[in-house]
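Novice: Residue numbers (the working numbering), protein chains in the order written: chain A, 698 to 961; chain B, 23 to 120. Heads up, the beta-carbon is just placed ideally off N, CA and C, and yes, glycines get one too.
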Amino acid sequence: MTKDPGRSGADARNDAAAAARAAERDRDLSLLLAVLLTLIGIALLGIYWLALNEAEGPRLADLALGLVPRTGVDNPVTAVLLNYRAYDTLMELAVLLAALLGIWSLGPAPAGFQRSGRALAAMVSWVVPLLILAAGYMLWVGGYAPGGAFQAGALLGAAGVIVRLAGDPSAGLPGEHAQRALSVLGVLVFALVGLALLWLGDGFLTYPPSLAKWLILLIESAATLAIGVALAAAYVGGRPATAPASTLASGKAGARTEPTGEGN
Amino acid sequence: MGAQFLFGGVGVVLFVLGLWSFLVHAPLLRKVIALNIMGSGVFHVLIAVAYRGDTAPPDPVPHALVLTGIVVAVSATALALTFGGRLMDMDKDGTDDA
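(1) Can you tell which of Glu917/A, Ala929/A and Ala842/A has its C-alpha closest to the C-alpha of Pro82/B?
(2) Since Ala909/A contacts Thr775/A with CB under 8 Å, what's their CB separation in whole angstroms?
(3) Are at least three pairs of beta-carbons, each pair with one atom in the region 779 to 794 of chain A and one in the region 56 to 71 of chain B, less than 8 Å apart?
(4) Counting only Cβ pairs nearer than 9 Å, list the residues of chain B close to Pro690/A.
(5) Near Asp111/B, what residues of its chain come up, given a Cβ to Cβ distance below 7 Å and the 5 sequence neighbours on each side ignored?
(6) Shortest alpha-carbon distance to Pro805/A belongs to which of Ser867/A, Met820/A, Asp899/A and Gly738/A?
(7) Between Leu736/A and Val35/B, what straight-line distance do the alpha-carbon atoms span, to the nearest angstrom?
(8) Answer yes or no: does any C-beta atom of chain A fall closer than 8 Å to that of Asp113/B?
(9) Can you list, in chain order, the residues of its chain with a C-beta nearer than 7 Å to that of Ala855/A? Leave out the 5 residues immediately preceding and following it.
(10) How big is the Cα-Cα spacing for Leu50/B and Ala98/B?
(11) Please check if any C-beta of chain B sits within less than 8 Å of the C-beta of Arg972/A.
(12) When you compare the CB positions of Val858/A and Val825/A, do they come within less than 8 Å of one another, or not?
(13) Could you please give me the residues that DSSP links to Pro805/A through a beta bridge?
(14) Select from Asp759/A, Leu894/A and Asn772/A the residue whose C-alpha is nearest the C-alpha of Gly670/A.
(15) So for Ala795/A, helix, strand or coil by DSSP?
(16) With a cut-off of 8 Å, do at least 3 Cβ pairs link the region 809 to 818 of chain A to the region 877 to 888 of chain A?
(17) What does a CB cutoff of less than 6 Å around Gly891/A pick up in its chain, not counting 5 residues either side in sequence?
(18) Where Ser727/A and Gly63/B are concerned, what is the direct C-alpha to C-alpha distance, given to the nearest angstrom?
(19) Just the Cα atoms here: how many angstroms apart are Pro80/B and Ala931/A?
(20) Counting pairs of beta carbons, one from the region 919 to 930 of chain A and one from the region 792 to 804 of chain A, are three or more of them closer than 8 Å?
(21) So that I know if they touch, is there some Cβ in chain B lying closer than 8 Å to that of Leu793/A?
(22) So the candidates are Ala716/A, Ala714/A, Ala731/A and Gly743/A; which of them puts its Cα closest to the Cα of Leu28/B?
(23) Where do the ends of the alpha helix (DSSP H) carrying His874/A lie?
(24) Between the Cα of Leu870/A and the Cα atoms of Tyr904/A, Leu741/A, Gly935/A and Ala816/A, which residue gives the shortest distance?
(25) Hey, could you find the ends of the alpha helix (DSSP H) Val824/A is sitting in?
(26) Shorter than 8 Å from the beta carbon of Val777/A to some beta carbon of chain B?
(27) Give me the Cα-Cα distance between Asp865/A and Gln876/A, rounded to the nearest whole angstrom.
(28) What span of residues does the alpha helix (DSSP H) with Asn58/B cover, start to end?
(29) By a C-beta neighbour count over all protein chains shown, 10 Å radius and 16 as the cutoff for buried, is Val732/A buried or exposed?
(30) Among Arg710/A, Asp712/A, Asn711/A and Leu747/A, which residue has its Cα nearest to the Cα of Gly30/B?
(31) Please report whether the beta-carbon of Leu730/A lies at a distance below 8 Å from any beta-carbon of chain C.
(32) Does DSSP put Gly769/A in a helix, a strand or coil?
(33) Report the residue from Leu817/A, Ala819/A, Ala818/A and Ala846/A whose alpha carbon sits nearest the alpha carbon of Ala831/A.
(34) Can you find a CB in chain B that lies within less than 8 Å of the CB of Arg678/A?
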């Protein structure tokens, strides 16, 4: 299209008319979608209602609850996650690791925020140790009550988020090599335990009942660290800075290297 | 039964609302939020399905699935947000160069 001054008024009118038509079409389309989705929602609710009123069929719950004494833990959810469906949990840790690798491969982390004021810094120095303590408690309590590696890892990740919001660009995480090692720790320990059991003749991730508790605790401890590091590093949103040079390259304001060690 | 239907029904409503928002709104951030709302709806349904009456303990299998799903949803969201951020940076660079 050539833009000659004499026709620009007509063009503008045409553009406005086209935009109005497009907006109208979009509105019609979203209305149509709303109607269709309402119908789908009603159908889903009906199916759900029927499923609830159906006579109770065979469920996994009885089997799962019945075998809990042989799993080494007393919390049935932990038994499902770390014993019956340990494969799922291993793959889930792998998904988390893959997401983190994806984030790291997209480039260096954006600059941190400005440093916190005195009040926020004081609050952070109270809250972060408490979060780490709570994470340890969550990890241990997962054996017999709601809790476990994911909850504990989420608390550690939250501690990292708070530290970064308070102005530490690395979210309190250790250096690049330690971060890489910690983030694969969950998958590594999980897979090694599985392979060791396979080698001993029990089958991949089939724990002998006498050792199950300690193996699960070992796996969960490693998974907690890995999940916490992965969540905090995902919040940082980029490859950890190796050398000051790369920080300078990404270099907006506020990116300053500082001693890490909070949060660990 | 009533509370169970209500809890799961809210999940269905959240799922449909999220799906609508995902289809209608163009900005990536809104799509990511909509996907998360859809996921929350699914979690609601799974938790409601685990209920087996006041006397029996809840079914642990759907609970474990929800726990798994939350972590996968969080990591997928983080990856999507990073992608979105990079796309925005690229758009900005493009207009700066032109």
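Specialist: Taking the definition as stated:
(1) Considering only alpha carbons, the answer is Ala842/A.
(2) Their Cβ separation, rounded to whole angstroms, is 11 Å, which puts Ala909/A and Thr775/A out of contact at 8 Å.
(3) no
(4) There is simply no residue 690/A to check, as chain A begins at 698 and stops at 961 in what is shown.
(5) For Asp111/B, where only same-chain residues beyond five positions count, there are no Cβ hits under 7 Å.
(6) If we check each option's Cα against that of Pro805/A, Ser867/A comes out closest.
(7) 11 Å
(8) no
(9) Leu828
(10) Each residue's Cα considered, the two are about 14 Å apart.
(11) With chain A covering 698 to 961 only, the question about residue 972/A has no answer from this structure.
(12) no
(13) Arg936/A
(14) One cannot answer for residue 670/A here, as it falls past the ends of chain A, which runs 698 to 961.
(15) Assignment of Ala795/A by DSSP, reduced to helix, strand and coil, places it in the helix class.
(16) no
(17) Same-chain partners within the cutoff: Phe901 and Leu902.
(18) 21 Å
(19) 33 Å
(20) yes
(21) Leu793/A counts as touching chain B.
(22) It is Gly743/A whose Cα lies nearest to the Cα of Leu28/B.
(23) Glu873 to Leu897
(24) Gly935/A
(25) Arg815 to Val838
(26) yes
(27) 16 Å
(28) From DSSP, the alpha helix (DSSP H) with Asn58/B extends over Leu50 to Ala72.
(29) Exposed, by the Cβ-count rule.
(30) Of Arg710/A, Asp712/A, Asn711/A and Leu747/A, the residue nearest in Cα terms is Leu747/A.
(31) The structure shown contains no chain C; its protein chains are A and B.
(32) coil
(33) The candidate whose alpha carbon is nearest that of Ala831/A is Ala846/A.
(34) Absent from the model: residue 678/A. The displayed extent of chain A is 698 to 961, so no value can be given.
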